[in-house]
Amino acid sequence: MLARRVATAIGVVAVAVAVTAGSANATAGQTHQTQDVTAATGDVLVKTVTTANGTLKIFKESAQHDSAATTLAPNSSIGCSGSNPRVCLSIHGSGLYVQYMENKTDFLSSGNADMQINGPSGVIADSGWFYETGGGYFFDWSPYNYVAAGYYCATTFVGGGRQGACETVHN
11 MLARRVATAI
21 GVVAVAVAVT
31 AGSANATAGQ
41 THQTQDVTAA
51 TGDVLVKTVT
61 TANGTLKIFK
71 ESAQHDSAAT
81 TLAPNSSIGC
91 SGSNPRVCLS
101 IHGSGLYVQY
111 MENKTDFLSS
121 GNADMQINGP
131 SGVIADSGWF
141 YETGGGYFFD
151 WSPYNYVAAG
161 YYCATTFVGG
171 GRQGACETVH
181 N
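Residues in the sequence shown are numbered from 11 upward in steps of one, following this note's numbering.
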């Protein structure tokens, strides 16, 4: 699963798409241009959110998803927390250069959820509320650019609570 998502680092097809608008020469802390990438075979698009900043696509992982692979590319990090939901943030890049960040959330039961990626200046990508049917859901934010140094979090809201996993981006 994760090895498949490390695509940009190893030259394979990457997983999901995130914000697809902005300036190709953006500086840290601004909205960044991204590339349209497709989900893996069998993953299902469950929601598309379009804003002034672009389009965010939320996918549900398929049953045949490669969950055994956990290899990270050099200069990447991943952190997870919680159990229901279990939220993971993976960051792929080197130093302040980020290829993509992914919010991957596993739900044990169905319900309403809101998945986000947050950075030093606030919410970067937000799925908005949607009904999830249990299982794994994910979306990527793909700046393919330099970002502001600081604390980045994948946060998922369910019911009256939230769960998050955070990592630090620095030189």
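Just so you know, even glycine gets a beta-carbon here, dropped at the ideal spot from N, CA and C.
Using 10 angstroms around the beta-carbon of His180, count the other beta-carbons present and answer buried if the total reaches 16, otherwise exposed.
With a 10 Å radius around the Cβ and a threshold of 16 neighbouring Cβ atoms, His180 comes out exposed.
Can you list, in chain order, the residues of its chain whose CB lies under 6 Å from that of Phe117, leaving out five sequence neighbours each side?
Excluding residues within five positions, the ones whose Cβ falls inside 6 Å are Pro95, Glu142 and Gly144.
Determine which residues share a DSSP beta bridge with Ile101 and list them.
DSSP lists Ser87 and Met111 as the bridge partner or partners of Ile101.
Can you have a look at Ala62 and say buried or exposed, based on whether 16 or more other CB atoms are within 10 angstroms of its CB?
Per the 10 Å Cβ criterion, exposed.
Can you tell me whether DSSP reads Ser137 as helix, strand or coil?
Looking at Ser137 - three-state DSSP - the assignment turns out to be strand.
Do Thr166 and Val54 have their CB atoms nearer than 8 Å?
In terms of Cβ geometry, Thr166 and Val54 do not form a close pair [threshold 8 Å].
Unbroken beta strand (DSSP E) run spanning Leu106, endpoints
Careful: Leu106 lies outside any beta strand (DSSP E) and carries neither H nor E.
Which residues share a DSSP beta bridge with Val56?
The secondary-structure analysis by DSSP pairs Val56 with nothing; it has no beta-bridge partner.
Assign Cys163 to one of two classes, buried (16 or more other C-beta atoms within 10 Å of its C-beta) or exposed (fewer than that).
Here Cys163 is buried. Its C-beta has 16 or more other C-beta atoms within 10 Å.
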